[in-house]
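*Asks:* Sharing a structure below in structure tokens format, with a few things to ask.
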Amino acid sequence: MATNKSALIRYKTIDKCLQNRYRKWTLEDLIEKVSDALYEFEGITTGVSKRTIQADIQFMRSDKLGYNAPIVVTDRKFYSYDDPDYSITKSPIKEEDVDKMKEIVSLLKQFNGFQYFDEMSELIAKLENNIYKSAKKTPNYIQFEDNKQLKGIDHLSRLYQAILQKKPLLIEYKSFKSKQAIKEIYHPYLLKEYRNRWFLITRNNKGKLLVTLALDRIEAFYELDSNLFQPYEGIDFETYFNECIGVTRSVKDRPQKVILKFNVKNAPYVKTKPLHYSQQILQEDENGMIVRIDVIPNFELEREILGFGECVKVLGPRNLKRLIQYRVAKNNRIYNTENDS
């Protein structure tokens, strides 16, 4: 049975409300929450009727989508789940839906290997693994990097749509240094992942420079009129981060020749897994390997170098070498503190 996007938003919103057992939910409360969600995700301003929510509750109670939600009414007024651990998101996938998903994955696999689909290999493998795990209760045969506590992932789809539709955003953002969130208008241009953490590349409405916002620090955001959107001219975001490791850079930054010497033990690792696509081997012998990468010095580069510990030495540029020496010395002082408990 076909289910449109608005209906799914309604079901998920009702489900989220009923999972919250610290509050009693009346029909009017659910109508208000669903209306807010439809406005937030779909821009629907007409709200939702009482009859629609009542029909949704009956639908969720049924087996039509396999939910069989144990929704009960107490005192002829308050809605809740009879099972405190229930959620429609935990419902098993119906067999016909599994078959459809298998067909989709099978079709995607046929395109795998074509130039434009090279980057889909990991996604296809992950989809196939999850489908078989859900349908046949098989264990994970592929374990991808994952962080269950990572916040902000739920923002991805809406932020992507905002970029696609060129909509400015009123973002409520709380940096690690701030005691409270600050609301400001931003113009979004790019979403980028680095080490299983997502970032939004944007520009403040009042500024001229690009700003990188971590999705896990975004507390809320609201879409504004597309007519207010301001594009960022003169930057090819397709290649903007090619000259650096990570996500920290400015428009004015230029790459430098970074020369690193690795010991014999780590040379094969760096050789088979280059630090950057620009990596060149300058020298390799029984003492180790010297490589060059052309990148913008930034925090992520420093962390990458420090991660190799005593196995790497910075040969250039001089300012980066001094900075790493300073950080290593500072780290040594922590361990050499006499009063350390």
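Position one of the sequence shown corresponds to residue 1 (full-length UniProt numbering), numbered consecutively onward.
Ideal Cβ positions, reconstructed from N, Cα and C, are used throughout, including at glycine.
Nothing here was measured: the structure is a model prediction, and the numbers come from that model.
1. Going by C-alpha distance, which of G309, R303, N266, K90 is nearest V291?
2. Exposed or buried, which one is residue 347 when buried takes at least 16 other CB atoms within 10 Å?
3. For P268, which option in Y277, E238, E284 has the closest C-alpha, if you only look at C-alpha atoms?
4. Can you give me the C-alpha to C-alpha distance between A2 and F299, rounded to a whole angstrom?
5. For S80, which beta-bridge partners are listed by DSSP?
6. When you compare the CB positions of Y186 and L169, do they come within less than 8 Å of one another, or not?
7. Counting Cβ pairs, one atom from each stretch, are 3 or more of them under 8 Å apart for the segment 38–48 and the segment 70–80?
8. Please confirm whether I9 and F41 have their CB atoms less than 8 Å apart.
9. Which stretch, first to last residue, makes up the alpha helix (DSSP H) that contains N332?
10. Assess, as a yes-or-no matter, whether the segment 77–90 is touched by the segment 11–21 under the definition of 3 or more beta carbon pairs within less than 8 Å.
11. Which of helix, strand or coil does DSSP assign to T212?
12. Beta-carbon separation of V211 and K261 under 8 Å?
13. Please go through the same chain and pick out, in chain order, the residues whose beta-carbon is closer than 7 Å to the beta-carbon of Y11, but skip the five residues on each side of it.
14. Under the rule that 16 or more other beta-carbon atoms within 10 Å means buried, what is T239, buried or exposed?
15. Got a sec? Which residues, its chain only, sit under 6 Å from K151 by beta carbon, not counting five neighbours each side?
16. Quick check on F199: buried or exposed, where buried means 16 or more other Cβ atoms within 10 Å of its Cβ?
17. Just reading off the alpha helix (DSSP H) that R203 is part of, what are its end residues?
18. Should K151 be listed as close to the ligand GDP, given that the test is whether its C-beta is under 7 Å from any heavy atom?
19. Please return the same chain residues whose Cβ sits closer than 8 Å to the Cβ of L282, not counting the five positions on each side in sequence.
20. Reducing DSSP to helix, strand and coil, say where H187 ends up.
21. Could you tell me the alpha carbon to alpha carbon distance between N204 and I218, rounded to whole angstroms?
22. Can you give me the C-alpha to C-alpha distance between N196 and V314, rounded to a whole angstrom?
23. Thinking C-alpha only, which one of C244, T272, K206, V264 is nearest L228?
24. Starting from D261 and walking both ways along the alpha helix (DSSP H), at which residues does that stretch end?
25. Is the distance from the Cβ of A181 to the Cβ of K192 below 8 Å?
26. Counting C-beta neighbours from all protein chains within 10 Å, is the total for V34 16 or more, i.e. buried, or is it exposed?
27. So what's D285 in DSSP terms, helix, strand or just coil?
28. On the criterion of 16 or more Cβ atoms from any shown chain inside 10 Å, does Y79 qualify as buried, or is it exposed?
29. Have a look at V328 and I245 and give me their C-alpha separation to the nearest angstrom.
*Replies:* Per the coordinate set shown:
1. As a first step, residue 291 must be located in the sequence shown, where it is residue number 291. Per the Cα distances, N266.
2. Residue 347 falls outside the range modelled here, since the chain spans only 1 to 341, and no answer is possible.
3. Along the sequence shown, one-based indexing puts residue 268 at 268. With distances taken between Cα atoms, P268 lies closest to E284.
4. Position 2 of the sequence shown, counted from the first residue, corresponds to residue 2. Position 299 of the sequence shown, counted from the first residue, corresponds to residue 299. Legend: pLDDT at A2 = 41, less than 50; position of this residue unreliable, value from coordinates given subsequently. If I take the Cα positions, the gap works out to 49 Å.
5. As a working mapping, residue 80 is identified with position 80 in the sequence shown. DSSP output for S80 lists V72 as bridge partner(s).
6. Counted from its first residue, the sequence shown places residue 186 at position 186. Counted from its first residue, the sequence shown places residue 169 at position 169. Going by C-beta atoms, Y186 is nearer than 8 Å to L169.
7. With the cut-off at 8 Å, the segment 38–48 and the segment 70–80 do not touch.
8. For this step, residue 9 is matched to residue 9 along the sequence shown. For this step, residue 41 is matched to residue 41 along the sequence shown. Yes, these two residues count as a Cβ contact at 8 Å.
9. Position 332 of the sequence shown, counted from the start, is the residue given in the question as residue 332. Element bounds for N332: 318–336.
10. yes
11. Numbered from 1 along the sequence shown, position 212 holds the residue referred to as residue 212. Three-state result, T212: strand.
12. One-based indexing of the sequence shown puts residue 211 at position 211. One-based indexing of the sequence shown puts residue 261 at position 261. No, these two residues do not count as a Cβ contact at 8 Å.
13. Within the sequence shown, the letter at position 11 stands for residue 11. Excluding residues within five positions, the ones whose Cβ falls inside 7 Å are D56, M60, I88.
14. Along the sequence shown, one-based indexing puts residue 239 at 239. By the neighbour-count rule (16 or more Cβ atoms within 10 Å), T239 is not buried but exposed.
15. Working through the sequence shown from its first residue, we reach residue 151 at position 151. D216, listed in sequence order.
16. Within the sequence shown, numbered from 1, the residue matching residue 199 stands at position 199. Burial call: buried.
17. For the purposes of this step, residue 203 is identified with residue 203 of the sequence shown, where counting begins at 1. Judged by DSSP secondary structure, R203 falls outside any alpha helix (DSSP H) and instead within the beta strand (DSSP E) spanning 197–204.
18. This structure lacks the ligand GDP; in fact it carries no ligand of any kind.
19. In the sequence shown, counting from the first residue as 1, residue 282 sits at position 282. Cβ neighbours of L282 beyond the five flanking positions: I259, I290, V291, R292.
20. Position 187 of the sequence shown, counting from 1, holds the residue named residue 187. In this structure, H187 counts as strand in the three-state DSSP scheme.
21. Start at 1 with the first residue of the sequence shown, and residue 204 comes out as number 204. Start at 1 with the first residue of the sequence shown, and residue 218 comes out as number 218. Straight-line Cα distance between these residues: approximately 14 Å.
22. Locating residue 196 in the sequence shown gives position 196, where the first residue counts as 1. Locating residue 314 in the sequence shown gives position 314, where the first residue counts as 1. Answer to the nearest angstrom: the Cα atoms are 27 Å apart.
23. The residue you call residue 228 lines up with position 228 of the sequence shown. Selected option, being the one with the closest Cα: K206.
24. Counting from one through the sequence shown, the residue named residue 261 turns up at place 261. Here the sequence assigns Lys to residue 261, which means Asp is not the residue at that position. Residue range 256–262 is occupied by the beta strand (DSSP E) that includes K261, with no alpha helix (DSSP H) assigned at that position.
25. If you number the sequence shown from 1, residue 181 lands on position 181. If you number the sequence shown from 1, residue 192 lands on position 192. Contact: no.
26. One-based indexing of the sequence shown puts residue 34 at position 34. The C-beta of V34 has 16 or more other C-beta atoms within 10 Å across all chains shown, which makes the residue buried.
27. Sequence index remark: in the sequence shown, residue 285 carries index 285 (1-based). Here D285 sits in strand by DSSP.
28. Against the sequence shown, residue 79 aligns to sequence position 79. Counting Cβ neighbours within 10 Å, Y79 comes out buried, since at least 16 surround it.
29. Position 328 of the sequence shown, counting from 1, holds the residue named residue 328. Position 245 of the sequence shown, counting from 1, holds the residue named residue 245. Distance between the alpha carbons of V328 and I245 is about 20 Å.
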